[in-house]
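Report on the following structure.
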Amino acid sequence: MKIAVCVKRTPDTETRIKIAADGRSIDESGVKFVLNPYDEYAVEEALALKEKAGAGEVVVVALGADAAQETLRTALAMGADRGILLRPSGSTDDPYVVARALADELGAAEYDLVLFGKLAIDDYHHGVGTMVAALMDLPCVSAISALELADGHGTARREIEGGVEVVEFDLPAVLTADKGLNEPRYPALRGIMMAKKKPLEVKDVTVADGGVEVTALTLPAARAEGRIVGEGADAVPALVDALRNEAKVL
Amino acid sequence: MANVLVVAEQRDGAVKRVSMEAIAAVRSVADVSGGAVHVLVVGPPATATDDLTGSGADTVFRALGDEAALYQADLYAATAAARAEASDAALVLVAATALGKDLAPRIAARLGCGLVADVSTLERSDDGLVATRAVYSAKAMMTVRLTGRRSVVSVRPNAFTPLERGDAPSVEDMALASVSARARTVRVEQPEQAALDVAEASVVVSGGRGLKEPAHFALVEELAAALGGAVGASRAVVDAGWRPHAEQVGQTGKTVSPSLYVAVGISGAVQHLAGMRTSQVIVAINKDKDAPIFKVADYGIVGDLFEIVPRLTEEIRTIKEQ
Ligand SMILES: Cc1cc2nc3c(=O)[nH]c(=O)nc-3n(C[C@H](O)[C@H](O)[C@H](O)COP(=O)(O)OP(=O)(O)OC[C@H]3O[C@@H](n4cnc5c(N)ncnc54)[C@H](O)[C@@H]3O)c2cc1C
Ligand SMILES: Nc1ncnc2c1ncn2[C@@H]1O[C@H](COP(=O)(O)O)[C@@H](O)[C@H]1O
């Protein structure tokens, strides 16, 4: 089983966001970066599948600046076999551009499965995995919370509003991981030591022009100062009154 | 001038409200550019499109068939991409639901164009088309400019209000695309009692660890029922097995932006806020006056939820009966 997992370097969820001087990105100083949480599920799934098959290779791929090597090393420490860093020549504001670059790289090798997170917790596109699938003309199930594979095909489950969709697909395929798929392992010390010696290839790639340009990043408009209407059950009438007459939501 | 295409979503044969919202989001853009609003409805043969009367749609295209009864990603995406080409659409909109989040990128990839996900505003400015969207767990707002000849945009539910215009759209039938689907949705499993989904509800009442035990969630359910809303949950109680993951609000759960969000016994961790911060009105009930949830709440009551919530439910019921 040969599996590729696309991984992204993202700020830790606890990070306090500060806007950089350019007004269109975050100030990275003091920010802790992690392997995108949904990508952890994807890496875990790949490793578990390889272990179950008893043979195979797990390749982790990231598009980004040199700093993303650290992210790849984290995935290698979890157990992936080798990493590929693609350094883009230009803007990756448009997720289509990211998907194109990844699809070009992934298309050059034959994988049985290509895994993604369902979402990167920085840019929230929820799209790169499904786009790569469409570009590579592979079947794809997104945001899966359960997976079963058999010979040449598989079944995945994905949560939708008010239910669960059950999707059957043929291999090779692209899948994007949601919470619930598995419990990602922590890299063990041994894994961290071994990761340092695992191959990590760095390539410069030319990216296409995108159709989306980030012009500004701002802190969310401070919510109008809220107020405590009171304490205990006695405050309920005041709350109801405010919801009815001020907020007009009742 | 350039047209726009809204790919509507149907469930049980009726077009969803979120699709009307997507039409509303793009109608004014079309008015400025002088283009028409085309709406594509993909679904089973019995799908009714009457609800699109007055929504702002100029033409409704129906691509109906038994094979489209369930959401089949490749079939839907290929049909939508074909329609976008035929309509010469500069913008393709879908609602950012579970279906839309899956479909939008597939359409964009097929059309070879840019994607802007989960927008809460969309406007034509001197700079061209500009959209805003919540990023970094809703800790920042991103403004983007759509520079391509064509773009696919998904629209955050509850961010736009459906229009009420009198005119009925013209309706045309079109064929579903033919695809060799190597991924097939075989069934949708629904829980025995189909509950209103948090992601779609205009009122959400969420409970957290402050409820102390699963049985006490009845308090949250009753308040939600009184308000006509859905029940949500924090991750702490989902991980504890008290509530299903489908109800989880936040970073690793669902993103909601209802008109009213009530947080009961929820501390307001950043990962929870990520999923509900953009709600229109937030109410917090918590015994700890320093709980972070109060920082985003419009209205708060400090105190014991076991006393406050039943009283609140009672008052709401009284109002609703009037
Ligand atoms: C990667 C990652 C992703 C995460 N994703 C999510 C997510 O999607 N959604 C999410 O919710 N969390 C998420 N979390 C977890 C999050 O950090 C918090 O742990 C969680 O939200 C806490 O849930 P809670 O507010 O129910 O519990 P607690 O933090 O324990 O809060 C309980 C609250 O109840 C109050 N309370 C107790 N008794 C009473 C009473 N009698 N009356 C009134 N108030 C009372 C307390 O004052 C307290 O504020 C994530 C964490 C990580 C690391
Ligand atoms: N720059 C990147 N490098 C590698 N993988 C990425 C990159 N951006 C996104 N991905 C993958 O695509 C998934 C969805 O990301 P997004 O569509 O940006 O929300 C992520 O969980 C990753 O698996």
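Those protein sequence lines, which keep their order, are chains A and B. The working numbering puts the first residue of the first sequence at 1, with every later residue one more than the last. The working numbering puts the first residue of the second sequence at 1001, with every later residue one more than the last. Think of the CB as a built atom: it goes at the ideal place given N, C-alpha and C, for glycine as much as any other residue.
Within 10 Å of its beta-carbon, does A/Y186 have 16 or more other beta-carbons around it, so buried, or fewer, so exposed? exposed
Cα separation between A/A143 and A/P237? 43 Å
When DSSP builds the beta bridges, which residues end up paired with B/M1141? A/T218, B/A1134
Please name the residue in B/V1037, B/V1060, B/G1056 whose C-alpha comes closest to that of B/A1048. B/V1060
List the residues of chain A whose Cβ lies closer than 9 Å to the Cβ of B/F1160, in chain order. The contacting residues do not exist; B/F1160 stays about 17 Å from chain A at best.
Less than 7 Å separating the Cβ of A/N36 from some heavy atom of ligand 2? yes
Through-space distance from A/A103 to A/A48, alpha-carbon basis: 24 Å
Can you list, in chain order, the residues of its chain with a C-beta nearer than 7 Å to that of A/L135? Leave out the 5 residues immediately preceding and following it. A99, R100, A103
Mapping DSSP to helix, strand and coil, what is A/I144? strand
What does the alpha-carbon distance come out to for the pair B/A1117 and B/V1256? 15 Å
For A/V141 and B/A1086, which I take to be in contact (beta-carbon distance under 8 Å), what is that distance rounded to the nearest angstrom? 28 Å between Cβ atoms; not a contact.
Does chain B have any CB closer than 8 Å to the CB of A/C140? yes
Segment contact flag, the region 1172-1187 of chain B with the region 1067-1082 of chain B, C-beta cutoff 8 Å, min 3 pairs: yes
For B/H1272, three-class secondary structure by DSSP: helix
Kindly indicate if chain A contains any beta-carbon less than 8 Å away from that of B/I1308. yes
Cβ-based burial, B/N1286 [other Cβ within 10 Å; buried from 16]: buried
Starting from the C-beta of A/F33, find all residues in its chain whose C-beta is less than 8 Å away, skip the five residues before and the five after it, and write them out in chain order. R9, T10, P11, D12, A67, E70, T71
Following a CB-centred definition, is B/R1235 positioned closer than 7 Å to any heavy atom of ligand 1? yes
Can you check which of these residues, B/Q1248, B/I1023, B/S1178, B/M1141, is closest to B/A1081 by C-alpha distance? B/S1178
Assuming B/A1104 and B/L1115 form a contact by the criterion Cβ under 8 Å, report the distance between their Cβ atoms to the nearest whole angstrom. 6 Å
Nearest by alpha-carbon distance to A/D234: which of B/L1305, B/S1125, B/G1065, B/A1030 is it? B/L1305
Chain B within 8 Å of A/K196, Cβ atoms only: no
Tell me whether B/V1249, by its Cβ, gets closer than 7 Å to a heavy atom of ligand 1. yes
Starting from the C-beta of A/A133, find all residues in its chain whose C-beta is less than 6 Å away, skip the five residues before and the five after it, and write them out in chain order. C140, V174
I need the boundaries of the beta strand (DSSP E) containing A/P37, first residue and last residue. First-last for A/P37: 37-53, but that is the alpha helix (DSSP H), not the beta strand (DSSP E).
Nearest-angstrom Cα distance between B/G1112 and B/L1146? 14 Å
Among A/V60, A/A77, A/Y96, A/G117, the one whose alpha carbon lies nearest that of A/V207: A/Y96
Tell me which residue opens and which closes the alpha helix (DSSP H) that A/T71 is part of. 68-78
Length of the line joining the Cα atoms of B/D1126 and B/R1149: 16 Å
A/A120 beta carbon less than 8 Å from that of A/V61: no
I believe B/G1208 touches B/S1279 by the beta-carbon criterion, under 8 Å. Please report the beta-carbon distance rounded to the nearest angstrom. At roughly 16 Å, the Cβ-Cβ gap does not stay under 8 Å, so B/G1208 and B/S1279 are not in contact.
Which one of B/D1239, B/V1198, B/K1254, B/E1192 has the shortest CA to CA distance from B/G1228? B/V1198
What is the DSSP secondary structure of A/T130, reduced to helix, strand or coil? helix
I'd like the span of the beta strand (DSSP E) that includes A/T176, first residue to last. 173-177
With C-beta atoms as the reference, is B/Y1136 less than 8 Å away from A/I192? no
Please confirm whether any heavy atom of ligand 2 lies closer than 7 Å to the CB of B/C1113. no
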